[in-house]
Amino acid sequence: MPIVLVHNDVVRDSAHNWNDVEGVQYHFPSKYRGKVLPGEPFVYYRGVARKSGRRGPAEYLGYGRIGTIWPDEAKKGAWYCSIVDYERFAKPVNAKVDGETREQIARNLWWDGVRALDPAVYADIVAEGLASGAGVTATASIDLVTITGSDQLILPPSLGRHQPSPGGERRSKRAKAIGDWAERVALRYIQDNVAGCSDCVHRAAQGETPGWDIDYRDTDGAVQRVEVKGTTGAAFAAVELTANELAAAQAHGANYWLCLVAGCETSTPLVQLVQNPVAKLDTNEWTAKPTLFAIRFSGAAAG
Numbered sequence: 001m002p003i004v005l006v007h008n009d010v011v012r013d014s015a016h017n018w019n020d021v022e023g024v025q026y027h028f029p030s031k032y033r034g035k036v037l038p039g040e041p042f043v044y045y046r047g048v049a050r051k052s053g054r055r056g057p058a059e060y061l062g063y064g065r066i067g068t069i070w071p072d073e074a075k076k077g078a079w080y081c082s083i084v085d086y087e088r089f090a091k092p093v094n095a096k097v098d099g100e101t102r103e104q105i106a107r108n109l110w111w112d113g114v115r116a117l118d119p120a121v122y123a124d125i126v127a128e129g130l131a132s133g134a135g136v137t138a139t140a141s142i143d144l145v146t147i148t149g150s151d152q153l154i155l156p157p158s159l160g161r162h163q164p165s166p167g168g169e170r171r172s173k174r175a176k177a178i179g180d181w182a183e184r185v186a187l188r189y190i191q192d193n194v195a196g197c198s199d200c201v202h203r204a205a206q207g208e209t210p211g212w213d214i215d216y217r218d219t220d221g222a223v224q225r226v227e228v229k230g231t232t233g234a235a236f237a238a239v240e241l242t243a244n245e246l247a248a249a250q251a252h253g254a255n256y257w258l259c260l261v262a263g264c265e266t267s268t269p270l271v272q273l274v275q276n277p278v279a280k281l282d283t284n285e286w287t288a289k290p291t292l293f294a295i296r297f298s299g300a301a302a303g
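Structure (structure tokens):
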């Protein structure tokens, strides 16, 4: 049965301050263990409290499925689950229709962090949420969003090791739209924040595939190459590099960067620049493994 995962902007009681990462993982107490099951579909629900201190409408933010579940080794009676196949709605779906809540539940259940959701209501929420994203460029114009730099977009190894292999964003029907949006955010961020940046070129927008999406010259005139990875979630457990991208990273070393863009298609995306990813592989800070193989329908050439 579908479930609702409550994911509030503001948590006023520290006892309810759980380590949730939108689109990546959900942290919950044991009392919900019977509801949070692998493969279950869910929607995120956000209450009325906002970080600004003002109140906003209660709404549903996106949908996905529950992935792997594991106990929290640091907190007794707590669990984590990974989030898979997540898609954030381009426009949140209001929790009310004509003044009535979509969920017809007892008043006390609104306090629950996880609750069952009628399949018909789930279907209506998802259908409305996906319809709002028919034109992604209309959701959050790059010229209007607030882009913030971060150094917290990579999950720590203790949590990242439980996450599934990347690929959900790539397999999403809207993967190209998300990727294009992330590249435009990265381009603006580089132009606005990298000191001395000049000759900035968006290669991917020109249909070029040199192994990176954007390049520019730094203050010394050296060419810096940037490969962009985007997610509608709030952080990354891993990313995928093509053989072409990995070869470019190996060839250009410290002049090659990953640009991670989280919160794609929202008004407040976050950006983290990571220099020389191959160096992190060489020192075993990061690891790499093949996830796709090209299978040809012919045998090896006779030699």
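The sequence shown runs contiguously to residue 303 in UniProt numbering.
Ideal Cβ placement from N, Cα and C applies to all residues, glycine included.
Please read all numbers here as calculations on a predicted model, not as lab measurements.
Residues near residue i in its chain [Cβ-Cβ closer than 6 Å; skip 5 each side]
i, result
"Y32", "V114"
"W257", "V226, L273, Q275"
"E183", "A204, D213, V228"
Alpha-carbon to alpha-carbon, residue j and residue i
i, j, result
"R174", "A222", "35 Å"
"L260", "E128", "29 Å"
"L187", "A123", "36 Å"
"D282", "F236", "20 Å"
"G74", "P157", "According to the sequence shown, residue 74 is Ala rather than Gly. About 14 Å."
"E100", "P38", "31 Å"
"V36", "S30", "10 Å"
"I214", "G263", "20 Å"
"D180", "I154", "21 Å"
"V278", "N108", "52 Å"
"Y80", "D72", "6 Å"
"F293", "K51", "45 Å"
Neighbourhood of residue i by C-beta distance below 8 Å, restricted to the same chain and skipping five residues each side
i, result
"V145", "V185, T266, S267, T268, P269"
"N8", "R46, G47, A49"
Burial state of residue i (16 or more Cβ within 10 Å)
i, result
"P2", "buried"
"I295", "exposed"
"A248", "buried"
"A254", "exposed"
"V10", "exposed"
"E208", "exposed"
"D151", "exposed"
"W70", "exposed"
"Q103", "Here residue 103 turns out to be Glu, not Gln, going by the sequence shown. Buried: at least 16 other Cβ atoms inside 10 Å."
Sequence-distant residues of its chain with Cβ nearer than 7 Å to residue i (five each side left out)
i, result
"N19", "H27"
"R217", "S198, D199, V223"
"V93", "E59, Y60, I125, E128, G129"
Test: residue i CB closer than 7 Å to a CB of chain B
i, result
"A247", "You won't find chain B in this structure, because it holds only one protein chain."
* At a cut of 8 Å, does the region 83-91 reach the region 57-66 through at least three beta carbon pairs? -> yes
* To do: Answer yes if the region 224-241 comes into contact with the region 16-29, meaning at least three C-beta pairs across the two stretches below 8 Å, and no otherwise.
  => Result yes; three or more Cβ-Cβ pairs closer than 8 Å.
* Examine the Cβ distances between the region 236-250 and the region 192-208 and report whether three or more of them are shorter than 8 Å. => no
* To do: With a floor of 3 residues, list each beta strand (DSSP E) that falls wholly inside the region 14-61, ordered by position along the chain.
  => 25-29, 41-46
* Minimum length 3: unbroken beta strand (DSSP E) runs contained in the region 206-275 -> 214-217, 223-230, 256-262, 270-275
* **Contiguous alpha helix (DSSP H) assignments of at least 4 residues, all confined to the region 88-149** => With a minimum length of 4 residues, the unbroken runs of alpha helix (DSSP H) contained wholly in the region 88-149 fall at 119-131.
* To do: Report the residue ranges of all beta strand (DSSP E) runs contained in full by the region 179-204; include only those spanning at least 3 residues, in chain order.
  => 198-202
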